[in-house]
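Colleague:
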Amino acid sequence: YIFARPFMGERAPQHVQNIILRDYCNKKGFELLLAATEYAMADSSMILESVLDDIDSVDGIVFYSLYQLPTQSKLRDSVYSRALEAGKSLHFAVEGMSITNPIDVDSVEQCLLVKTTLDNCITKVEV
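Going letter by letter, the sequence shown gives residues -15 to 111 in our numbering.
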């Protein structure tokens, strides 16, 4: 699962995202199907919803980055629960993290919280 737009202040060209996904899948012994590319519209998760609707046909979802998860916590919770209830895993290639059970969700949420907090910190102080 890759993005055609910036995500949480980050940006990576689609071909680079595909290379990272392919490398991650090769290292993990996963078969990489065609990457699903999210629409460029702000806050869109329509493609992710479509992937989740068809999750029974795959073993899991590999995201380029965990920062591509929906920004709203209710939507993220839905992603986690839909995948786990279907017995599937979520993987985040850049961070080398995965969610295979409910306990793993906390680590991902902590990373998102730290990123969000850092983005709101003062970066320069005028004296």
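Virtual Cβ for every residue (Gly too), placed ideally from N, Cα, C.
DSSP on residue 29, reduced to helix/strand/coil?
Modeller: Coil.
Colleague: Could you check whether the stretch 67 to 85 touches the stretch 4 to 19, counting it as contact only if at least three pairs of C-beta atoms, one from each stretch, sit closer than 8 Å?
Modeller: These segments touch.
Colleague: Which residues mark the beginning and the end of the alpha helix (DSSP H) in which residue 87 is found?
Modeller: Per DSSP, residue 87 belongs to the alpha helix (DSSP H) from 86 to 103.
Colleague: Taking the alpha carbon of residue 89 as the reference point, which residue from -4, 53 and -7 has its own alpha carbon closest?
Modeller: Selected option, being the one with the closest Cα: 53.
Colleague: Could you check the C-alpha separation between residue 78 and residue 1 for me, to the nearest Å?
Modeller: If you take the alpha carbons of residue 78 and residue 1, they lie about 9 Å apart.
Colleague: Using only CA atoms, which one of 45, 86 and 30 lies nearest to residue 59?
Modeller: Among 45, 86 and 30, the Cα nearest to that of residue 59 belongs to 30.
Colleague: For residue 5, count neighbouring Cβ atoms within 10 angstroms of its own Cβ and tell me buried if that reaches 16, exposed if not.
Modeller: Per the 10 Å Cβ criterion, buried.
Colleague: Can you tell which of 57, 26, 43 and -11 has the C-alpha that lies nearest to the C-alpha of residue 17?
Modeller: Among 57, 26, 43 and -11, the Cα nearest to that of residue 17 belongs to 43.
Colleague: Using the C-alpha atoms, what's the distance from residue 72 back to residue 62?
Modeller: Roughly 13 Å separates the two Cα atoms.
Colleague: Mind checking which residues open and close the alpha helix (DSSP H) that includes residue 59?
Modeller: Looking at the DSSP string, the run of the alpha helix (DSSP H) that includes residue 59 is 57 to 69.
Colleague: Should residue 102 go down as buried or exposed, given a rule of 16 or more other Cβ atoms within 10 Å for buried?
Modeller: It counts as exposed.
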